[in-house]
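Below you'll find the structure, written out as structure tokens, and then a few comments.
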Amino acid sequence: MDDPRFQKIAKDPRFRRLKKKQEKIQIDNRFSSMFKNEEFQPSAEKVDRFGRKVEEKTGEELKRFYHIEEDESENEA
8 MDDPRFQKIA KDPRFRRLKK KQEKIQIDNR FSSMFKNEEF QPSAEKVDRF
58 GRKVEEKTGE ELKRFYHIEE DESENEA
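In the working numbering, the protein residues as written are 8 to 84.
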């Protein structure tokens, strides 16, 4: 940036983009059932914007925002 008014924005950590690993929220194994349970799935949209039926993707929408954290004790066994 050449404009001196915006020099602070380039160095300020509040305006930096997150790394891909840090974007998703870590979810414990206790809450992993929310990806399979029908109560957590969006129910409003069964058709796309052209009126065609859409395949139901159980948990795919939630997996974009959450990451399931695996227990270290399970990995060692």
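Note that CB positions come from ideal geometry on N, CA and C, so glycine has one too.
{"Item": "Extent of the continuous alpha helix (DSSP H) run through residue 76", "Value": "Taken as a continuous stretch (DSSP letters only), residue 76 belongs to no alpha helix (DSSP H), as it is neither H nor E."}
{"Item": "Rounded C-alpha distance that separates residue 11 from residue 34", "Value": "42 Å"}
{"Item": "Under 9 Å between C-beta atoms of residue 39 and residue 75", "Value": "yes"}
{"Item": "Terminal residues of the alpha helix (DSSP H) in which residue 43 lies", "Value": "Residue 43 -> no alpha helix (DSSP H), and no H or E assigned at all."}
{"Item": "Residue burial classification, residue 27 (beta-carbon count within 10 angstroms, cutoff 16)", "Value": "exposed"}
{"Item": "First and last residue of the uninterrupted alpha helix (DSSP H) at residue 15", "Value": "14-18"}
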